[in-house]
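Protein chains: 4
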Amino acid sequence: MAENTLQKIHEIAVAEFLEKGFRGASLREIVKKAGVTTGAFYGYYKSKEELFDALVQPHAEYIRNCFDKCINAFLSVPKSEWSKHMSDFSENGMAEMFEYAFEHKDSFRLILNASEGTKWENYIHDLVETEIDITHKYYDVMREQGFKTHSLPPMLEHMIISGEFTGLFEVIIHDIPKEEAMLCVKELHDFYEGAWAKLMGLE
Amino acid sequence: MAENTLQKIHEIAVAEFLEKGFRGASLREIVKKAGVTTGAFYGYYKSKEELFDALVQPHAEYIRNCFDKCINAFLSVPKSEWSKHMSDFSENGMAEMFEYAFEHKDSFRLILNASEGTKWENYIHDLVETEIDITHKYYDVMREQGFKTHSLPPMLEHMIISGEFTGLFEVIIHDIPKEEAMLCVKELHDFYEGAWAKLMGLE
Amino acid sequence: MAENTLQKIHEIAVAEFLEKGFRGASLREIVKKAGVTTGAFYGYYKSKEELFDALVQPHAEYIRNCFDKCINAFLSVPKSEWSKHMSDFSENGMAEMFEYAFEHKDSFRLILNASEGTKWENYIHDLVETEIDITHKYYDVMREQGFKTHSLPPMLEHMIISGEFTGLFEVIIHDIPKEEAMLCVKELHDFYEGAWAKLMGLE
Amino acid sequence: MAENTLQKIHEIAVAEFLEKGFRGASLREIVKKAGVTTGAFYGYYKSKEELFDALVQPHAEYIRNCFDKCINAFLSVPKSEWSKHMSDFSENGMAEMFEYAFEHKDSFRLILNASEGTKWENYIHDLVETEIDITHKYYDVMREQGFKTHSLPPMLEHMIISGEFTGLFEVIIHDIPKEEAMLCVKELHDFYEGAWAKLMGLE
DNA sequence: GATGAATGAGCCTTCATTCAT
DNA sequence: TATGAATGAAGGCTCATTCAT
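Residue numbers (the working numbering), protein chains in the order written: chain A, 1 to 203; chain B, 1 to 203; chain C, 1 to 203; chain D, 1 to 203.
Following this line, the structure appears as structure tokens:
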């Protein structure tokens, strides 16, 4: 039954955390709904936070890794070829991240909607910050390469990229079939890519 | 003194709610930091939630109203002229909303970052839904009018508009001078307007 | 009623701690027996340990101070006069300490019999260590002054002085009238003074 | 393995009880550190208290017996010869007790320092009471025999004898080589014997 | 003998809220 | 208006112990 107890706890915990957030969810309620006792729970985890981590950590780390690897791969491309590869890297990276996130929707929803009060509360924000940095750097390099591009107020970069990520993750938050989801992600990417190009004056 | 007591409570409450969220903030901590007693507090409000409401409600409603009025005004324009006025309505609407939100930053931040567990937790989401509806309707009408526009998956609309609003509100969340803020808002608007046009195949 | 609540809590707490020790006593039991609620308790103290401290600290510190002052006073006497004054200092010191402890019996009993698990668990032991040090030093000085005294194994000093203190505090632990108590303390002192003198070969 | 399991449990249990006391020690911690399971433990003992008893009882009883036998032997000596044999009985008794206790130090330390909350918490106190009784009786008999001895307040007897036992057991609590220990015990005995004689005015 | 998941009472503590003053 | 002591439910967590395997 061990397997079962843990599964049941996870199942209920995800539901409760999603409904009430980490702080709002009650451990006692979780175990009651899971049909076990507090003691049983504490045989598996040392604390409520550890339970949340168990649900979130592996996937959060996978995505963060995947994101970082993608960026590092791009950074190791000679700068003279950046403009040629940017689009592919960005699209592939987003698609890969998205694909994984889609397969682990619930974990991602926990990060997105229920992580206040945990160490994951800034996770998305941190991803965004990284994306802002790389974007900023990209256009700096473009200029070094002789392209004529505008220079944006940092806040505007922040606004656009925050929005892009928010949009991307909406597809995780809501339940839609994978094919439709992937199509939307692809189109969202094109939407932003085109808009960036125009905004920056890169034809 | 009454005025003063209430002011102090508001001031501290805003800070506490922003720091810890509605659920995480402790009423007793708030009144203690405000230098008053629980008894005094409950002379003004019936509950913690009512305090939160007091801080948020007037401004939330104002914006909601402003948003709805703007949309209704647009809806009352003859459909044949929609394409001509859309951009202005949208830009002016956004600017007006933003201007007000900027003047009442803290209330807005409460909605954006601290409203989990209150009746405002879906406020932004609801705004977005409305914007999605009107946007959707707009392109329907365009097609009725003979324009050739693509038809988007509803989720894609949702993603883009969520992102746009998120981006817009980032400027409220972070502290930047008003002029810079307004410029960013204007540019964000242009960014999305252009991108929409391109996405829909309108020109 | 505030005064009363606190008094009642103190009263019951002393009894419970004495009966079951700090660890064995239950806060819930204390407040229940005191006829109040846990919430009421936590209006006065931040924790069970803080309650224990409140009952113990002031008196523990007073005695510790009194003890240290007495020793320092002796140390500031010219060494050549130590042998002359030792007995008085020691007797007066013990009497003073004892008198105070007697007036705050319950606090002392808490230290003696119920402090396991609190920061006071080594209090008596520390007093004894100090007394051992000064005693040791005293006989060193005696030898410097030309007195012929034996040299004791450190453990024997430890044994005797531990015993002396234990004996002294027995009078606090048990309920006897003050006059009888003081007489016993005086006689205990003489008992040890004589025995020390004989043991050290002084006289 | 059984033997081994039990041995390991005992070993760890002693350490844990000594470190944290009976109440403060956690059974689960003990079995975990011993590398076994709770189930295995409950195959040997019915409860945490029974474990403590197993560690303490045999030695506690041995000593208690030895003490009682020694006293009874003395009591069966004709009263007219008490004064002649007292010293030997007392010294031999103490030495024998001590020798045994020294060989089973840890069990004794459990009684002395970790027995709060168990049925052994008054063990030492009871020994002392018995010693007080016999001492008291001894001096009564001395007076019957025509010796001139003072009469002590019962509390003073209690104080002195408590102290003596405390001192004696210090040598068990601390780790010192047996030879040194035995010497200290012998000297402690002389210390108290002499002091008693003087206190009672018996020469 | 041994496992270890499960029990459930109990622990200390915090909370929003009430109410006599 | 304001006080602040008091309420009592609820929180997360630990414990000695049981029992099906």
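Ideal Cβ placement from N, Cα and C applies to all residues, glycine included.
Cross-chain neighbours of A/His-158 in chain B, by beta carbon under 7 Å: Result: Glu-170.
Cβ neighbours of D/Ala-25 in the same chain (closer than 7 Å, five flanking residues each side left out): Glu-16, Phe-17
Under 7 Å by beta carbon: chain B residues contacting A/Cys-184: Pro-153, Met-155, Leu-156, Met-159
Any chain C beta carbon closer than 7 Å to D/Gly-117: yes
Coarse secondary structure for B/Glu-99, derived from DSSP in three states: Three-state DSSP puts B/Glu-99 in a helix.
Interfacial residues, the stretch 45-71 of chain B to chain A, with Cβ spacing under 9 Å: none
For B/Val-77, the nearest candidate out of B/Pro-154, B/Glu-179, B/Tyr-138 (CA to CA): Sorting B/Pro-154, B/Glu-179, B/Tyr-138 by C-alpha distance to the C-alpha of B/Val-77 places B/Tyr-138 at the top.
Buried versus exposed, by CB contacts within 10 Å (16 or more), A/Arg-28: exposed
Distance between C/Ala-34 and D/Met-86 (C-alpha atoms, nearest Å): 52 Å
Inter-residue Cα distance where the pair is A/Ala-2 and A/Tyr-62: The predicted position of A/Ala-2 is uncertain, since its pLDDT is 43 and thus under 50; no value can be drawn from it.
Sequence-distant residues of its chain with Cβ nearer than 6 Å to A/Phe-108 (five each side left out): Ala-101, Ile-172
Partner residues on chain A for B/Phe-191, Cβ-Cβ distance less than 7 Å: Ile-160, Ala-195, Leu-199
Integer-rounded CB distance, given that B/Ile-111 should sit under 8 Å from B/Ile-132: Between the beta-carbon of B/Ile-132 and that of B/Ile-111 there is about 19 Å, and that puts the pair past the 8 Å contact cut.
Under 7 Å from the C-beta of B/Glu-129: neighbouring residues of chain A: The premise fails here: B/Glu-129 is roughly 12 Å from chain A at the closest Cβ pair, so nothing lies under 7 Å.
Spatial neighbours of A/Trp-120 in its chain, beta-carbon cut-off 7 Å, leaving aside the 5 residues before and after: Val-56, Ala-60, Ile-111
Contact set between B/Gly-35 and chain A, taken where Cβ atoms lie within less than 7 Å: Going along chain A, no residue has its Cβ under 7 Å from B/Gly-35, so there is no contact; the nearest lies around 27 Å.
Where A/Leu-75 sits in the DSSP three-state scheme: Look at A/Leu-75 here: in three-state DSSP terms it is helix.
Distance, B/Asn-122 Cα to A/Pro-154 Cα: 29 Å
Secondary structure, alpha helix (DSSP H): runs of 4+ residues fully inside the stretch 84-169 of chain B: 105-113, 123-144
Separation of B/Ala-40 from B/Glu-49, as counted between CA atoms: 16 Å
is_contact[C/Glu-91, chain D] using C-beta, thresh 7 Å: no
Closer than 7 Å to chain B by CB, A/Thr-135: no
Below-7 Å beta-carbon distance, A/Val-14 vs any chain B residue: no
Exposure label - A/Ser-151; buried when at least 16 CB within 10 Å: exposed
Rounded straight-line distance, which links the Cα of D/Val-36 to that of D/Thr-5: 7 Å
Under the three-state DSSP convention, the category B/Tyr-45 falls into: coil
Beta-carbon gap between D/Leu-199 and C/Phe-22 smaller than 7 Å: no
Cβ-based contacts, 9 Å cut-off: residues of the stretch 21-34 of chain C near chain D: Interface annotation for the stretch 21-34 of chain C against chain D: Gly-21, Arg-23, Gly-24, criterion Cβ-Cβ distance under 9 Å.
Per-residue DSSP class, three states only, for B/Leu-51: Looking at B/Leu-51 - three-state DSSP - the assignment turns out to be helix.
CB of A/Gly-167 within 7 Å of CB of B/Gly-163, strictly: yes
CA-to-CA distance, B/His-104 to B/Lys-148, given in whole angstroms: 41 Å
Contacting residues, own chain, Cβ-Cβ under 7 Å from B/Phe-98 (five flanking each side not counted): Leu-168, Val-185
B/Asp-190, enclosing alpha helix (DSSP H) - first and last residue: B/Asp-190 -> alpha helix (DSSP H) spans 178-200.
CB-CB length for D/Phe-165 against D/Ile-134, believed under 8 Å: In fact, because the Cβ distance is near 13 Å, the residues do not count as touching under 8 Å.
Collapsed DSSP secondary structure at A/Met-1 in the structure displayed: At A/Met-1, the pLDDT of 40 sits below 50, so the modelled position is not reliable and the matter cannot be decided from this model.
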